[in-house]
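**Student:** In the working numbering, the protein residues as written are 30 to 340.
In this text, a Cβ means the ideal position worked out from N, Cα and C, and glycines have one as well.
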Ligand SMILES: Cc1cc2nc3c(=O)[nH]c(=O)nc-3n(C[C@H](O)[C@H](O)[C@H](O)COP(=O)(O)O)c2cc1C
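(1) For the candidate residues 282, 163, 251 and 202, whose alpha-carbon lies nearest to that of residue 33?
(2) Could you round the C-beta distance between residue 191 and residue 224 to whole angstroms and report it? I think they count as a contact, below 8 Å.
(3) Report whether the distance from the Cβ of residue 46 to the nearest heavy atom of ligand 1 is below 7 Å.
(4) Consult DSSP for residue 29 and reduce its assignment to one of helix, strand or coil.
(5) Please confirm whether any heavy atom of ligand 1 lies closer than 7 Å to the CB of residue 201.
(6) Is any heavy atom in ligand 1 found nearer than 7 Å to the beta carbon of residue 73?
(7) Are there 16 or more other CB atoms within 10 angstroms of the CB of residue 339, so buried, or fewer, so exposed?
(8) Verify whether the separation of the beta carbon atoms of residue 73 and residue 42 is less than 8 Å.
(9) Can you find a heavy atom of ligand 1 that lies under 7 Å from the Cβ of residue 125?
(10) Is residue 107 helix, strand or coil by DSSP?
(11) Using a Cβ-Cβ cut-off of 7 Å (strictly less than) and excluding sequence neighbours within five positions of residue 326, which residues of its own chain qualify?
(12) Please work out which residues of its chain come closer than 7 Å, Cβ to Cβ, to residue 213, disregarding the five sequence neighbours upstream and downstream, and give them in chain order.
(13) Residue 154 and residue 187: beta carbons closer than 8 Å?
(14) At the level of alpha carbons, what is the spacing between residue 111 and residue 263?
(15) Ends of the alpha helix (DSSP H) at residue 327?
(16) With distances taken from CA atoms, which of 71, 150 and 250 is nearest residue 182?
(17) Return the first residue and the last residue of the alpha helix (DSSP H) that residue 276 is part of.
(18) Among residues of its own chain, excluding the 5 on either side of residue 61, which ones have a beta-carbon nearer than 7 Å to its beta-carbon?
(19) If you reduce the DSSP assignment to three classes, tell me which class residue 268 lands in.
(20) Below 7 Å, is the gap between the Cβ of residue 250 and the nearest heavy atom of ligand 1?
Encoded structure:
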């Protein structure tokens, strides 16, 4: 199917998430059927001035295609240069207009672009002109108040392939009610595909979001952490309860990908996933404590194997 000018195998996308959507996690989500992944947000300044180190973050596995690199910044010229540096590493370039982190807002980037719409549109122009690859926008539904129709129309007029709307304002960060009616309104307003994002955490919820928004494409963030098989649920059109042995096999696979990617650092990077995979399972506190103290790959494997067994 076509997401603007990008071909995708199904309508289900993994959200960009700083600190989470590295190559190993994206690979695991792909294995469960996710159709499009995004890099964590990458600074255009870092790409232009600190090229080598930043490019490390953009590595991907062969299965991880199509892949979108997400850029953030505030200077159109730097976006242009950054695009030239990364466009051969991906199938799509995404512009971040949603990050609420104070450091990013102070730099007049991320969600700040929703306030400084003149500069936002200049950035879009610069990126669209700089590449033949599809360009997408990932934006919140507003800064302090919902974005205007004029802004959405102006984005559409600039030749963007699709937009993703996270249905929360900047001040709402990542929690709380998602305004699916706003997303529905934008879907009606413009003719490029609109991807619905925010609060989709099960197939049941996906059906609700689809019914309200009328969207054909959906992006999942937090719910995929510890539950990458949510994509399989979407594709099989039902919510499946997996048993602990299955979860453990996914954990072991994820950890091995992370170890191949990051070496010794893998264990500390895996901890947050470990906790998320086991969330809601009984008697996991002692295993969470064990992994928090562990720094050796083989010991971490043993801890995972012991979960659910008497120690
Ligand atoms: C830990 C974390 C990191 C995030 N990093 C990014 C990012 O780098 N770029 C971005 O556009 N959005 C980022 N987001 C927002 C998500 O992409 C997504 O829009 C948001 O979490 C809402 O979707 P969800 O309710 O399915 O999680 C992040 C969210 C979280 C929780």
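**Tutor:** This is what the structure gives:
(1) As a working note, residue 33 is residue 4 in the chain shown. Minimum Cα distance to residue 33 is reached at 163.
(2) Looking up residue 191 in the chain shown gives position 162. Looking up residue 224 in the chain shown gives position 195. Indeed they touch by this definition, with Cβ atoms about 6 Å apart.
(3) Locating residue 46 in the chain shown gives position 17, where the first residue counts as 1. Flag set: Cβ of residue 46 near ligand 1.
(4) Only positions 30 to 340 of the chain appear in this structure, which leaves residue 29 out of reach.
(5) Translated into the one-based positions of the chain shown, residue 201 becomes position 172. Flag unset: Cβ of residue 201 not near ligand 1.
(6) Here residue 73 is taken as the residue at index 44 of the chain shown, counted from 1. Checking every heavy atom of ligand 1 against the Cβ of residue 73, none is found closer than 7 Å.
(7) Here residue 339 corresponds to residue number 310 of the chain shown, with the count starting at 1. Residue 339 is exposed by the Cβ-count criterion.
(8) The residue labelled residue 73 in the question sits at position 44 within the chain shown. The residue labelled residue 42 in the question sits at position 13 within the chain shown. No.
(9) In the chain shown, the residue the question calls residue 125 occupies position 96. Within the cutoff, so yes.
(10) Against the chain shown, residue 107 aligns to sequence position 78. Three-state DSSP puts residue 107 in a helix.
(11) Working through the chain shown from its first residue, we reach residue 326 at position 297. Excluding positions up to five away in sequence, the list reads 288, 295 and 296.
(12) As a working note, residue 213 is residue 184 in the chain shown. Here the set comprises 241, 242 and 243.
(13) The residue given as residue 154 occupies position 125 in the chain shown. The residue given as residue 187 occupies position 158 in the chain shown. Yes, they are a contact pair.
(14) In the chain shown, counting from the first residue as 1, residue 111 sits at position 82. In the chain shown, counting from the first residue as 1, residue 263 sits at position 234. Residue 111 and residue 263: Cα-Cα distance of roughly 35 Å.
(15) By 1-based counting over the chain shown, the position of residue 327 is 298. From DSSP, the alpha helix (DSSP H) with residue 327 extends over 326–335.
(16) Within the chain shown, numbered from 1, the residue matching residue 182 stands at position 153. Ranking the options by Cα distance to residue 182, first place goes to 150.
(17) Position 247 of the chain shown holds residue 276. Element bounds for residue 276: 273–291.
(18) For the purposes of this step, residue 61 is taken as the residue at position 32 of the chain shown. 257, 258, 260 and 261, listed in sequence order.
(19) Taking the chain shown and counting its residues from 1, the one referred to as residue 268 is at position 239. Here residue 268 sits in coil by DSSP.
(20) Translated into positions along the chain shown, residue 250 becomes position 221. Yes, the beta carbon of residue 250 sits closer than 7 Å to at least one heavy atom of ligand 1.
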